[in-house]
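Peer 1: Below: one structure in structure tokens.
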Amino acid sequence: MRSESEESFVKQLKANQNIVHKICRLYTSDQDSHNDLFQEITIQLWKAFPKFRGESKFTTWAYRVGLNTAITLYRKKKRSIETTPFDTEFHRIKTDEYNFEEEEQLKLMYKAIAELNDIDKALIFLYLEDKDYTEISETLGISEVNARVKMNRIKGKLKKILNP
Amino acid sequence: MDELELLKKDWKKNDGQFKQVSENEIYGMLHKSSSSIVKWIFIISIIELLLGPLLGILLSSKEYNLMLERYHLKTVILIFSIINYTVILYFIYKFYTNYKRINATDSVNHLLKNIIDTRKTVKHYITYNLSMGVVLFFIVFGSQAIYEPKIVKLIHDIGGDSNKGYIIVFGIYFVITIVVMFFVWLFYRLIYGILLRRLKRNYNELQKIEY
Chain A
1 MRSESEESFV KQLKANQNIV HKICRLYTSD QDSHNDLFQE ITIQLWKAFP
51 KFRGESKFTT WAYRVGLNTA ITLYRKKKRS IETTPFDTEF HRIKTDEYNF
101 EEEEQLKLMY KAIAELNDID KALIFLYLED KDYTEISETL GISEVNARVK
151 MNRIKGKLKK ILNP
Chain B
1 MDELELLKKD WKKNDGQFKQ VSENEIYGML HKSSSSIVKW IFIISIIELL
51 LGPLLGILLS SKEYNLMLER YHLKTVILIF SIINYTVILY FIYKFYTNYK
101 RINATDSVNH LLKNIIDTRK TVKHYITYNL SMGVVLFFIV FGSQAIYEPK
151 IVKLIHDIGG DSNKGYIIVF GIYFVITIVV MFFVWLFYRL IYGILLRRLK
201 RNYNELQKIE Y
């Protein structure tokens, strides 16, 4: 017999697993590390689940725990990750309509994002996920002003890379 | 910034791209940490078992064999070893089945039970090893007191015909046994203690979830 809370956790995680997949995509560069990180985030979410009382949405909570896990692991393995060659093939999503210029720009941007530090990655991730600054600041535990300032800096970085 | 909008659009395409993980796979991930601890218990017990004969080979010298013969212990030690290894093999088998079961488990209730079983097996294993150690010391010291001329003379020198010599010599033997067993126990506490504590932690967490 599976416990009720375990069942509810597994159901919710399964339904929202793309959040975890996307975090993995941003913080890892090959499929094996992707799977490892996915498993690690799953375990951390499960460990934290008793504290999740449904005050926030499951997704908001999953963003927070998932990103925290990714950032912590990223810091632990920083050296080895920095030397990992960036796998552009893995990071690029196949597009149906092929636009060479756009494709090149995207490639450059993904490459630039991969080189960002752990916190900046989390910021751009939440931005790409269409979160507003209130939610970004709550998820990452920084002030809203700080989130804005950081985000502008990241945008500036990306702009520089694209228009040297 | 147009480029970022472009990136956002591209990022949205992510959702359909990931290989989806099934519920069962998620259950598997949740139970992995306990199963890896039990796996380590299993591996360490095997290393320990191999260490015994290895030390036996390294330490067995002519003198050791002569000593066994002098103390009339050759057969006794042989029988003792056979029994001992049989029991230890049984424990390894138990550790292995514990490991297999924990791996195959997909419910919290069963996992809790398996964790209790594993902890019990480890405790029995340690108790068994310590008591066997005491028995072995008892056999060796007993034979020594009977067959070793130096010890026989010592006992006689201390107490003459009274029991005083025996009491003192066996008192010393007793202290030696206690001290050695204490260190063996410490050693077990160290290697299995860490693993057992982690299991216990997992257990407590799982239990919180259960109720």
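Just so you know, the sequences run in chain order A and B. Residue 1 is where the first sequence starts when you use full-length UniProt numbering, and the numbers rise one by one after that. Residue 1 is where the second sequence starts when you use full-length UniProt numbering, and the numbers rise one by one after that. Each residue gets a CB set at the ideal place from its N, CA and C atoms; glycine is no exception.
1) Just checking my contact of A:Q105 with B:L6 at CB under 8 Å: how many whole Å lie between their CB atoms?
2) So, with DSSP's three-state summary, where would you put B:L73?
3) On a Cα-Cα basis, can you pick out the residue from B:I102, B:I126, B:L196 that is closest to B:L30?
4) What are the boundary residues of the alpha helix (DSSP H) that B:G20 is part of?
5) Along chain B, which residues have their Cβ under 9 Å away from the Cβ of A:T59?
6) Please name the residue in A:K159, A:A70, A:E103 whose C-alpha comes closest to that of A:L140.
7) Is the number of C-beta pairs between the stretch 32 to 39 of chain A and the stretch 115 to 129 of chain A that are closer than 8 Å three or more?
8) DSSP three-state call for B:F91: helix, strand or coil?
9) Quick one: what does DSSP say A:T28 is sitting in, helix, strand or coil?
10) Among the residues of its own chain, which have a CB less than 8 Å from the CB of A:L123, if the five just before and after it don't count?
11) Let me see if you follow: with CB-CB separation under 9 Å, is A:V10 close to chain B or not?
12) Buried or exposed: which applies to B:T118, given that a residue is buried once 16 or more other Cβ atoms fall within 10 Å of its Cβ?
13) For chain B, check one thing: does any of its Cβ atoms lie closer than 9 Å to the Cβ of A:T28?
14) If B:A145 and B:I151 are in contact, beta carbons under 8 Å, what's the gap, nearest whole angstrom?
15) Counting beta carbon pairs with one atom in the stretch 182 to 189 of chain B and one in the stretch 12 to 30 of chain B, are three or more of them shorter than 8 Å?
16) Since A:G66 contacts A:I23 with CB under 8 Å, what's their CB separation in whole angstroms?
17) Quick one, which of B:D161, B:I158, B:V175, B:K123 has its alpha-carbon nearest B:Y192's?
18) Can you give the Cα-Cα distance for A:W61 and B:R198, rounded to whole angstroms?
19) Evaluate contact between the stretch 125 to 133 of chain B and the stretch 78 to 97 of chain B, counting only Cβ atoms and requiring at least three cross-stretch pairs below 8 Å.
20) My understanding is that A:K14 touches B:V21, with C-beta atoms under 8 Å, so please give their C-beta distance in whole angstroms.
21) Which value, in whole angstroms, describes the spacing of the CA atoms of residue 218 of chain B and B:E25?
22) So which residues of chain A does B:F18 contact, with C-beta pairs closer than 7 Å?
23) Does the Cβ of A:T28 have 16 or more other Cβ atoms within 10 Å, making it buried, or fewer, making it exposed?
24) Start and end of the alpha helix (DSSP H) containing A:F52?
Peer 2: Looking at the coordinates:
1) Counted from its first residue, the first sequence places residue 105 of chain A at position 105. Counted from its first residue, the second sequence places residue 6 of chain B at position 6. Under the criterion of beta carbons closer than 8 Å, A:Q105 and B:L6 qualify as touching, at roughly 7 Å.
2) Position 73 of the second sequence, counted from the start, is the residue given in the question as residue 73 of chain B. Of the three classes helix, strand and coil, the one that applies to B:L73 here is coil, per DSSP.
3) In the second sequence, counting from the first residue as 1, residue 30 of chain B sits at position 30. For B:L30, the nearest C-alpha among the options comes from B:I102.
4) For this step, residue 20 of chain B is matched to residue 20 along the second sequence. The identity of residue 20 of chain B in the sequence shown is Gln, whereas the question assumes Gly. Careful: B:Q20 lies outside any alpha helix (DSSP H) and carries neither H nor E.
5) The sequence position of residue 59 of chain A within the first sequence is 59, counting from 1. Within chain B, no C-beta atom comes nearer than 9 Å to that of A:T59; the closest sits roughly 13 Å away.
6) Within the first sequence, the letter at position 140 stands for residue 140 of chain A. Per the C-alpha coordinates, the member of A:K159, A:A70, A:E103 positioned closest to A:L140 is A:A70.
7) Per the Cβ contact rule, the stretch 32 to 39 of chain A is not in contact with the stretch 115 to 129 of chain A (fewer than 3 Cβ pairs under 8 Å).
8) Counting from 1 along the second sequence, the entry for residue 91 of chain B is found at position 91. In this structure, B:F91 counts as helix in the three-state DSSP scheme.
9) Here residue 28 of chain A refers to the residue found at position 28 of the first sequence. Assignment of A:T28 by DSSP, reduced to helix, strand and coil, places it in the coil class.
10) As a position in the first sequence, residue 123 of chain A is number 123, starting the count at 1. Result list for A:L123: I136, L140, A147, K150, M151, I154, in chain order.
11) Along the first sequence, read from residue 1 onward, the residue named residue 10 of chain A stands at position 10. At a cut-off of 9 Å between beta-carbon atoms, A:V10 makes contact with chain B.
12) Taking the second sequence and counting its residues from 1, one reaches residue 118 of chain B at position 118. In summary, B:T118 is buried, with 16 or more beta-carbon neighbours lying within 10 Å of its beta-carbon over all protein chains present.
13) For the purposes of this step, residue 28 of chain A is taken as residue 28 along the first sequence, with counting starting at 1. No, A:T28 does not count as interfacial toward chain B.
14) Locating residue 145 of chain B in the second sequence gives position 145, counting from the first residue. Locating residue 151 of chain B in the second sequence gives position 151, counting from the first residue. About 5 Å separates the beta carbons of B:A145 and B:I151, which is inside the 8 Å limit, making them a contact pair.
15) With a cut-off of 8 Å on Cβ pairs, the stretch 12 to 30 of chain B is not in contact with the stretch 182 to 189 of chain B, counting fewer than three such pairs.
16) In the first sequence, the residue the question calls residue 66 of chain A occupies position 66. In the first sequence, the residue the question calls residue 23 of chain A occupies position 23. Contact flag correct, Cβ pair sits at about 5 Å.
17) Residue mapping note: residue 192 of chain B aligns to position 192 of the second sequence, counting from 1. Closest by alpha carbon: B:K123.
18) Residue 61 of chain A sits at position 61 when you count from the first residue of the first sequence. Residue 198 of chain B sits at position 198 when you count from the first residue of the second sequence. Rounded to the nearest angstrom, the two C-alpha atoms are 26 Å apart.
19) Judged by Cβ distances under 8 Å, the stretch 125 to 133 of chain B makes contact with the stretch 78 to 97 of chain B, as three or more pairs qualify.
20) On the first sequence, position 14 is the one that residue 14 of chain A refers to. On the second sequence, position 21 is the one that residue 21 of chain B refers to. Their Cβ separation, rounded to whole angstroms, is 7 Å, which keeps A:K14 and B:V21 in contact under 8 Å.
21) With chain B running from 1 to 211 in the structure shown, residue 218 of chain B is simply not present.
22) Taking the first residue of the second sequence as position 1, residue 18 of chain B is located at position 18. By Cβ distance, chain A contributes N18, H21.
23) Here residue 28 of chain A refers to the residue found at position 28 when the first sequence is read from its first residue. Result: buried.
24) Against the first sequence, residue 52 of chain A aligns to sequence position 52. Neither: A:F52 is in no alpha helix (DSSP H) and is coded neither H nor E.
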